[in-house]
Structures are given as structure tokens and as C-alpha cells.
Amino acid sequence: MNKKEIESQYKQISLLLRNNRLLEAMVQLDAILQDSKLYRLSAKLDEVRTSYRYMLQYMSQGVADENRAHLFGQLKDMLKMLLEQTHLWQLDQVGNSYYHIQRKLMSGKSSAWLEEQIRVLTDFSDELAVCQLMPSQNQQQILQKHEQAARNLFISTWCNSGWTVEEHAQYQRFFESETIQPNDQCLIVSALTLSLMQCVDAMKLSLLAEICRHKDARIAQRALVGVALVAIVSPKQVALHADALIPLSTIFDNRIAGRLNTVYIQLLRAQNTDKVDKKMREEIIPEMIKNANQLNIFGHKSDENDDELNPDWQKQPDAKFEDKIREMGELQQAGADVYLSTFSQLKSYPFFHELPNWFLPFDHAHSSVVSIFGLDGKGENNLLTLLLHSGMFCNSDKYSLCFTMNMMPKEGREQLFSQLTDQGADMLEDEQRLKGLKNYIEQPEVISNTYIHDLYRFFKLHPRRAEFKDPFAQEIALHSLPFFRDLLETSEYQRQLADALFQLEKYAEASEVYDFLLLGFKGEEKSYINADFYRRYAYCDQKMEAYLSALDTYKHADLIQPGHIWTLRQMAICCRMSEDYEQAIGYYRQIEEIEPENIQLMLQIAACYANMAEYKIALEYLIKADYLDADNPKILRALAWCNFLKGNYERASEYCARVLQMQADASDYLNAGHVAWVMGKVSEATGHYRQAAQLCNQRQEFIEMFNKDIRLLEERGITTTDMALMKELTLNF
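Here it is in C-alpha cells:
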């Protein structure tokens with residue numbers, strides 16, 4: 010049977026289950042199991058079939074059973090699980106993905122083999138204690154034996170799609186062990202997560218939920234991230250196994266629920282990594298390189314943006330080098346992944362050829378690191394102390410950094426080590442500072458954020474990434490899943506979520522949460538509802554082009570805090586976009602009383618009057634603006650166009666000429682062409698149009714620009730025929 014036939018068979022049985030035709034589904038599933046000699050799964054199917062037949066028999070006898078619906082759902086869920094297990098086994102026989110290859114390799118491993126891998130990990134703590142006394146060759150043998158056992162256990166855990174009761178107990182003991190290294194336990198948490206993302210198993214999910222209360226925050230936070238990822242990738246399957254998450258509901262006090270909410274926001278932020286990465290590559294890093302040796306201002310501030318963010322929400326960085334540094338620091342402090350560009354090209358080392366190593370916590374005792382720095386903790390190893398106590402890099406990037414340094418010439422590396430250790434000497438000698446840094450990287454939110462960065466690199470950079478379900482490519486909406494909603498539906502967590510979504514420019518999602526905060530918590534005092542709450546809520550609607558709704562919400566903010574300039578400006582914009590220019594002018598006039606010489610404001614008021622055909626008043630504002638800021642091309646363009654609309658063609662021509670002497674664009678030449686044409690200067694108009702066409706990227710762009718003004722030209726006596734001929738003269742003659 011080939012893959013296409015397997016998938017067809019899987020879909021057919023899945024459809025039978027969705028339609029509640031359980032007996033037919035069991036007949037087809039049994040045929041596959043008998044043919045495949047999957048006796049363990051066949052035995053489970055027999056149990057389901059027996060229970061189902063008893064249920065049917067009792068029903069035929071008229072026996073009342075209030076638990077019948079619940080039992081039916083349980084049996085159906087068990088059949089779905091058996092189908093998933095069977096489907097995976099079938100794909101193992103024909104698939105060539107890394108997962109299915111490893112499953113076939115692991116299928117012959119006995120429980121004794123698995124116990125042996127765990128024994129090696131258990132004994133490693135004692136062996137590590139005497140490792141420093143051995144020659145380097147012996148050290149490497151001990152370290153590599155341990156690492157191989159950890160890799161074996163990772164692959165075995167990942168490839169096991171369904172645990173027995175004995176296996177569940179075995180892994181429970183593994184995570185309860187006091188002698189197994191926390192790094193090894195962290196690694197197997199990742200294996201559990203990957204396994205569940207491949208195929209949801211109730212026993213694994215239950216254990217992952219239990220590990221969320223582990224006393225070691227490194228292990229607990231990984232498990233918490235894992236639960237979230239599995240729910241994101243397989244929300245329906247997790248809902249089917251909701252009972253497996255009971256450990257979460259029993260341990261989720263406010264502290265741990267808050268950690269889950271933090272993880273949720275960090276995952277949302279990770280989805281935004283591409284934007285951060287682009288900003289780093291195209292803006293921050295180039296400017297830092299450009300200004301590495303000078304702290305001068307470059308360029309000019311951009312023109313005011315009509316829908317700019319509230320200044321209270323975001324500091325607008327100026328163009329100084331130090332501000333780029335600060336901006337990068339603020340991004341990093343907010344949890345953004347600012348080093349993806351730097352390290353994305355450094356994942357080709359042999360270390361990363363082993364899949365488990367992408368999830369390995371940074372360990373100075375790893376054989377690949379020891380071979381570079383040694384185990385003695387002296388000299389060059391001071392650099393490791395700096396790395397280990399740095400919250401700057403995720404685990405994966407720390408390994409990349411070590412290997413990159415090892416590739417450097419010895420002289421250069423020694424010089425770099427000297428500089429770094431000299432710079433870090435104060436920290437290394439100051440136990441209080443060192444303790445502070447250690448406490449920082451051990452904070453739960455730092456642990457989870459670092460781990461999420463590791464995960465992002467795996468799902469985006471691993472050579473076989475296409476074979477994995479990428480959680481960062483899915484919709485991340487934990488608060489919409491029933492189980493998580495019960496945990497996260499508090500005003501505190503919802504406010505954190507709404508503000509995070511807002512900062513990430515996920516305005517539709519943020520609007521939903523703001524709406525819930527406004528209406529959802531009935532009977533609860535809503536002290537968080539203030540002017541800024543309404544401004545954020547309204548801005549979301551504004552960005553979604555729901556201008557009337559946004560305006561109504563802005564009015565609530567204006568009632569609470571009257572005269573707020575940013576609010577008034579956004580209200581005016583909403584009116585303009587709704588073509589209610591008279592009301593927009595009313596809001597602009599309120600700003601004008603506060604800022605009477607605001608040139609941008611004058612342009613906005615003039616645009617409103619022009620749209621109302623009140624050209625005389627519009628020109629008064631534009632002339633005042635030109636007086637305050639002479640030779641401003643934006644003002645000159647507006648003066649030219651407004652005079653054109655009013656019929657003052659000579660004045661319009663004068664302003665057009667002034668604009669064309671500056672750095673004019675295609676639209677400037679197009680407008681100059683319009684003015685010249687209605688004045689009867691056909692030859693001059695043709696020249697301007699040809700210049701406009703040359704500045705366009707392609708012919709169609711010019712045609713579209715020209716066609717937008719057809720009505721204006723017709724109103725001024727230019728016929729349709731003449732316009733067609735003018736386009737021919739411009740483009741083809």
C-alpha cells in the first residue's frame with residue numbers, strides 16, 4: 010500500500026467516526042490491524058468493541074443510562090487514538106521523513122535498552138564529579154557516553170506515539186529523580202513536546218501537565234511552553250483529551266496561571282520575529298554599522314503620519330546612533346528576538362546535525378564545548394561564565410558562539426578572550442553582581458522566553474523543518490480554547506494580552522479582547538477603563554477601517570480627558586475617512602486653539618475645506634502655512650492643486666513650476682501637465698506627461714494615475730477623445 014492509499018483509507022475511517030458510524034469504523038480499522046499484525050492495538054480495539062456492544066445491548070433492552078453520552082464520547086475518542094496510532098505505523102512503512110525513519114529504527118529497541126539509557130544518565134552526576142581528574146581523552150569518553158544516552162532517550166521519547174501504563178510510570182520516575190541532571194530532564198521535556206505535536210497521547214499530555222509544577226523552574230517552564238505548543242498545533246485533539254490536563258487545573262494558582270499568560274504573550278511575540286528581524290537587518294544594524302565611529306544625526310525626521318501612535322504609548326526614536334542602540338535594547342528587554350539574523354547563518358556546525366542538540370540547554374560540560382575551553386574553569390573558561398550568566402542569547406546561539414570562536418585564529422581568539430574577560434572581570438569578582446545576573450536568568454519568564462527563541466530557530470532554520478508542524482505558523486489564540494480560557498479569563502491577564510496584541514499590531518485580535526474587557530466582566534469593578542483604554546480600543550477599530558465605531562469610542566476617551574491633542578486628531582481623521590469633513594474641521598479647530606502655528610494641522614484643515622469645495626478658506630490656510638514654512642514642497646503642492654481646483658490656473662502654474670524645481674516625482678509632473686493643458690498649452694502639457702511617464706515604473710502605472718483625474722479634466726473642458734489622444738502622444742508617439 011502506498012502513501013496515497015494510506016491517506017485515503019485514513020480519511021475514510023475518520024469520516025465514519027465524525028458521522029458516529031463507530032461499528033463500520035471498527036470493522037475497517039480491525040482489518041488493517043489484523044493485516045499489519047499490530048496485536049497490542051488489536052487488543053485495545055477489542056476492548057472498545059466489547060464496551061460498545063454492551064452499550065448497544067443495554068440500549069436495545071431499554072435500560073436507562075445517564076452516562077451513555079459520556080461513554081459514547083470516550084469510546085469514540087479511543088477509536089480516534091487507535092486510528093492515529095495505526096496511521097503512524099502505516100506511514101512508517103512507506104515514509105522517508107526523519108521521524109518515520111527514526112521510528113523504524115526504534116521499533117526494535119527493548120524496554121531493557123531504554124532502562125540502560127536512563128541508567129547512564131542517572132550515573133552521570135557521579136562520573137562528572139571525578140571527570141576533571143582524568144586525562145582529556147577519558148573526559149571526552151565519559152561525556153560522549155552520557156550525551157549519546159541522552160540523544161537515544163530523546164529520539165525514543167519523540168518516536169513513541171503512545172505510552173503504556175508502565176512507560177508512563179517509568180518517565181514519572183525519570184522526572185522525579187534527584188540524581189539525573191536537570192539539563193537531561195529539560196531535553197526530554199522537549200522530546201515529549203515534539204512527540205505530542207506529532208500525535209496527542211493522553212498519558213504523555215498528563216505527565217507534561219504534571220511537570221509544570223516541577224520544583225526546577227527550567228524544567229517546569231519548558232513543560233508549560235510545551236503544553237501551550239501542543240494546544241496550538243492540535244487544539245481539537247487536546248480538547249478530546251481534556252481530562253489529561255486535570256493536573257493543570259489542580260495546580261494552577263495565580264502564580265502559575267500568570268506564568269502561562271506570560272508564555273502565551275511570549276509566543277505571540279515570537280510570531281512577530283520576522284518583523285523584528287527585518288527591522289534589525291534593514292534599519293538598526295545598518296545604522297549601527299554606518300555610525301559605529303560617530304554619533305551624528307542622519308537624515309531627517311519623516312513627515313507627520315496622520316494615524317501615528319499616541320506619543321504616550323511609544324517613544325519615537327530619533328536618528329542618532331545611541332538611539333538605535335537604545336531601540337535595540339528596548340526590543341530585547343521586551344523579549345523580542347533580536348539576534349536571529351546574527352545567528353541564523355551559524356547553524357551548520359556538526360553539533361546541529363543532531364536533532365536533539367537544537368533543544369539542549371547550554372552546558373559548559375558538553376563535550377563539544379569542553380574540547381574548546383576545557384573543564385578546569387580557569388583562563389579562557391571565564392568567557393563561559395559570562396555566557397552562562399548572560400540573558401542576551403538563547404541556548405542554541407550560545408553553542409553557535411562557542412563554535413564560531415573556535416574557528417577564529419588562535420591569536421585573534423586570545424585577544425578576544427582577553428577583552429571579554431577583562432570587561433567581565435569586575436562581574437566575575439563581584440559575587441553580588443554575579444548572583445544578581447544568575448537570579449535574572451533563573452526567572453521563569455526569562456527561561457521560557459529563551460526556550461521559545463530556541464524553538465523558533467528549530468522550526469524556522471532546521472534543514473528538515475518542513476517535516477514538522479510549525480506552531481509559529483499557526484493561529485496562536487490560547488484564550489479562545491475552553492480549558493485555557495477558564496484559567497486566563499481574568500481582567501489582569503486579559504489586559505496584559507490586549508496590550509501585547511496591540512503592541513504587536515494584531516488589531517483585530519486586540520479589539521476582541523478590549524471588547525471583552527469592556528463588557529465581559531459583569532459585576533466587577535473596572536478600574537482599568539480609563540481614557541487610554543478607550544484610545545487603544547478605538548485605534549484598533551481605526552486600523553481596521555471601522556471609522557464610525559472608532560469615532561464613537563474616541564468620544565468616550567474625550568469625555569474622560571478632554572483636549573487631548575492626539576485623541577482629537579484621530580477623531581478628525583475618522584471623520585475625514587468617513588467623508589464628514591465639517592465635523593473633522595470641528596476637531597481640528599480644537600487643536601488649532603492649542604497649536605495655532607502647527608503647519609501640518611493647517612494642511613489637514615485646508616484638505617477638508619478643499620474636499621467641501623470651500624477653496625477660498627482652504628487657500629487662506631495654505632498661504633499662512635507657506636508664510637511660516639516657505640518652499641516646503643508639501644505646501645507648494647497643496648497650493649498648486651487648490652488653485653487648480655478653484656480655477657486660478659496662472660497661480661497654479663506658478664506653484665507647479667516651483668515644485669518642479671525641487672525633487673519632483675511623477676505625480677508632480679502629472680499635475681503640472683493638467684494645469685498646462687487646461688490653460689491651452691498642449692505642447693507643454695505633453696512634455697510634463699512624458700516626464701511623469703518616465704518616472705513611473707511601468708506604463709500601466711502612468712495610465713492609472715492619469716485615469717484617476719478624468720472627471721476633473723472633463724469638468725474643465727477636456728474631452729474623452731482628447732484624453733485618449735494625449736495618452737497616445739505621451740506613451741506611443
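With my numbering applied, the sequence shown corresponds to residues 10 to 742, in that order. We treat Cβ as the ideally placed atom computed from N, Cα and C, and that holds for glycine.
When Cβ pairs closer than 8 Å are counted between the two stretches, the stretch 352 to 367 is seen to touch the stretch 157 to 164, the count reaching three or more.
Counting only runs of at least 4 residues, the stretch 461 to 526 fully encloses the following alpha helix (DSSP H) elements, listed from N- to C-terminal order: 491 to 497, 500 to 512.
For ASN28, the number of other beta carbons within 10 angstroms of its own is below 16, and it is reported as exposed. By the Cβ rule, the stretch 275 to 282 does not count as touching the stretch 109 to 121, because fewer than three pairs are nearer than 8 Å.
Counting only residues of its own chain and dropping the five nearest sequence neighbours on each side, VAL129 has a CB closer than 7 Å to the CB of LYS154, HIS155, ALA158.
With contact defined as three or more Cβ pairs closer than 8 Å, the stretch 404 to 413 and the stretch 367 to 384 are in contact. Shown here, ILE727 sits in coil according to DSSP, grouped into three states, outside any helix or strand. Counting other Cβ atoms within 10 Å of its Cβ, ILE719 stays below 16 and is therefore classed as exposed. Where PRO144 is concerned, there is no enclosing alpha helix (DSSP H), because DSSP gives it neither an H nor an E. A distance below 7 Å separates the beta carbons of CYS584 and GLN592. For ASN458, the closest of GLY344, LYS20, ILE603, MET580 by C-alpha to C-alpha distance is GLY344. When only Cα atoms are considered, LEU679 and TYR590 end up about 26 Å apart.
Taking 7 Å as the cut-off, the Cβ atoms of PHE352 and SER409 count as close. At a Cβ-Cβ threshold of 7 Å, LEU568 and TYR596 do not count as neighbours.
Rounded to whole angstroms, the gap between the alpha carbons of ALA40 and GLU33 is 11 Å. Spatial neighbours of ILE456 in its own chain (CB-CB distance under 7 Å, excluding positions within 5 residues in sequence) are listed in chain order as ALA226, ARG227, GLN230.
Measuring C-alpha to C-alpha distances from GLN37 to each of GLN21, CYS549, ALA52 identifies GLN21 as the nearest. By the Cβ criterion, the stretch 60 to 72 is not in contact with the stretch 178 to 186, since fewer than three pairs of Cβ atoms, one from each stretch, lie closer than 8 Å. DSSP, read as helix, strand or coil, puts GLY595 in helix. Remark: C-beta atoms of LEU238 and PRO453 do not approach each other more closely than 7 Å. For PRO244, the enclosing alpha helix (DSSP H) starts and ends at 244 to 249. Counting every other CB atom within 10 Å of its CB across the protein chains shown gives ARG544 a total of 16 or more, marking it as buried. With a cutoff of 7 Å on beta-carbon distance, ILE127 and CYS140 are scored as not near each other. ASN620 has its alpha-carbon roughly 49 Å from the corresponding atom of VAL272. Here PRO244 is buried: its Cβ has 16 or more other Cβ atoms, across all protein chains shown, within 10 Å. By the Cβ test, the stretch 506 to 518 is in contact with the stretch 541 to 561, since at least three Cβ pairs between them sit closer than 8 Å. Where PRO642 is concerned, the enclosing alpha helix (DSSP H) starts and stops at 642 to 655. At a Cβ-Cβ threshold of 7 Å, GLU476 and SER134 do not count as neighbours.
A distance below 7 Å between beta-carbons, with the five flanking residues on each side excluded, links VAL198 to the following residues of its chain, in chain order: ILE220, ILE228, ARG231, ALA232, GLY235.
For ASN741 and ASP638, the gap between their C-alpha atoms comes out near 41 Å. TYR449 sits close to GLY400, with the two beta carbons spaced by under 7 Å. Less than 7 Å divides the Cβ of VAL687 from the Cβ of ARG725. A Cβ-Cβ distance of about 6 Å is found for the pair VAL347 and VAL285, placing them in contact under the 8 Å criterion.
Note on TRP122: under 16 other CB atoms within 10 angstroms of its CB, so exposed under the neighbour-count rule. If you look at HIS223, you'll find it isn't in any alpha helix (DSSP H); DSSP assigns it neither H nor E. For GLU187, the secondary structure class from DSSP, reduced to helix, strand or coil, is coil.
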